[in-house]
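Data first, discussion second: the structure below is written as C-alpha cells.
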Amino acid sequence: NAGVTQTPKFRVLKTGQSMTLLCAQDMNHEYMYWYRQDPGMGLRLIHYSVGEGTTAKGEVPDGYNVSRLKKQNFLLGLESAAPSQTSVYFCASWGANVLTFGAGSRLTVL
Amino acid sequence: AQSVTQLDSQVPVFEEAPVELRCNYSSSVSVYLFWYVQYPNQGLQLLLKYLSGSTLVKGINGFEAEFNKSQTSFHLRKPSVHISDTAEYFCAVLNFNKFYFGSGTKLNVKP
Chain A
85 NAGVTQTPKF
95 RVLKTGQSMT
105 LLCAQDMNHE
115 YMYWYRQDPG
125 MGLRLIHYSV
135 GEGTTAKGEV
145 PDGYNVSRLK
155 KQNFLLGLES
165 AAPSQTSVYF
175 CASWGANVLT
185 FGAGSRLTVL
Chain B
9 AQSVTQLDSQ
19 VPVFEEAPVE
29 LRCNYSSSVS
39 VYLFWYVQYP
49 NQGLQLLLKY
59 LSGSTLVKGI
69 NGFEAEFNKS
79 QTSFHLRKPS
89 VHISDTAEYF
99 CAVLNFNKFY
109 FGSGTKLNVK
119 P
C-alpha cells in the first residue's frame, strides 16, 4: 500500500549517542515534514522540506539535523541525544491536498 | 507564527450523545484547515479538511466541521458518538507550506 514508512519503530539511546530516523514515501510528494509529539503539546514541527535537496527549520529544530538527498526519503538525525529528546517522532508528506503520516518512531534517551 | 488553540484537553461524553470539539486559529490570512484523529499507539488519520467553498465540511465516520472566518474557528461536531470514537483529535492549519497543530482533545466516550 502507498504511504509513509518510518524506521525504526522503537529505539533506546544513551545520552550523547547519535542516531538517524528514516522516512520514506512512495507517493511522489514534494513536501515532507518531521514532527515530535509530547503529551499535552500536540505535534511540533522540527524540520521540513519542500523538495529534493531542500530543508528548512520548523518550530523546534535545535539538536536535530535533516537531509533530503532523494525525493522519497527524509532523514532526521540526532548528533548527540539528550533526555529532552525522548518523544514520539512522526514523519509526514503532503500531496494532493492530503497530509499523510507514518506510524511513528518512539525514541527513549536515557 | 501561526497558533492553533484547542481549549478542551479532555471531553467526556456518553454514547449516542452529540459532541463538539473546539478549534481556534490565529491567522487572518487564507488558510487550509484540517481535523485529524489518533487512536492509541497509532499515527494520525485525516477526518476532514477545509480548502475552500462551502463552510460546512463533512468527513469520515459521521464527523463534520464548520469554518467560521470571522471567528477564526473550525469546530468539529458529531450528532451521535460511538464508543469507537474514543481517541485524540487534533486540529491543524496549513499556512505558508507548514502545518501547525493544536495540543489535542481527548474524546472519551462512555457507555
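Protein chains in written order, with the working numbering: chain A, 85 to 194; chain B, 9 to 119.
Every residue, glycine too, gets a C-beta built ideally from N, C-alpha and C.
Note on Ser133(A): 16 or more other CB atoms within 10 angstroms of its CB, so buried under the neighbour-count rule. A straight-line Cα-Cα distance of about 44 Å links Gly61(B) and Thr192(A). Gly70(B) sits in a helix when the DSSP states are folded into three classes.
Of all C-beta pairs linking the region 114-121 of chain A to the region 130-146 of chain A, three or more are shorter than 8 Å, placing the two stretches in contact. The contact set of Asn105(B) on chain A, defined by CB atoms closer than 9 Å, consists of Tyr115, Tyr132, Val134, Ala140 and Trp178 in chain order.
Relative to Phe82(B), the option among Pro48(B), Phe42(B) and Ile68(B) whose CA is nearest is Phe42(B). Three or more beta-carbon pairs drawn from the region 160-171 of chain A and the region 91-107 of chain A are found closer than 8 Å, and the two stretches are therefore classed as touching. Here Ser189(A) is not near Gln109(A), since their CB atoms are 8 Å or more apart.
The Cβ atoms of Val45(B) and Ala95(B) sit closer than 8 Å to each other. Take the alpha-carbon of Thr170(A) and the one of Arg120(A): they are about 9 Å apart. The beta carbon of Tyr47(B) is closer than 7 Å to those of Ala95 in its chain, skipping five residues each way along the sequence.
Note on geometry: alpha-carbon atoms of Val12(B) and Thr80(B) lie some 10 Å from one another. Only residues of its own chain outside the window of five on either side were considered, and among them Leu129, Ile130, His131 and Tyr132 have a CB closer than 7 Å to the CB of Gly142(A), listed in chain order. Listed by position along chain B, the residues whose Cβ is nearer than 7 Å to that of Val182(A) are Leu54.
Lys86(B) is bridged by DSSP to Val27(B).
Secondary structure of Ser62(B) (DSSP, three-state): coil. Proximity of the region 90-97 of chain A to the region 145-154 of chain A falls short of the contact definition, fewer than three beta-carbon pairs being nearer than 8 Å. Counting the other Cβ atoms within 10 Å of the Cβ of Gly70(B) gives fewer than 16, which makes it exposed. For Tyr108(B), same chain residues with a beta-carbon under 6 Å away, outside a window of 5 residues either side, are Gln10, Val12 and Val101 in chain order.
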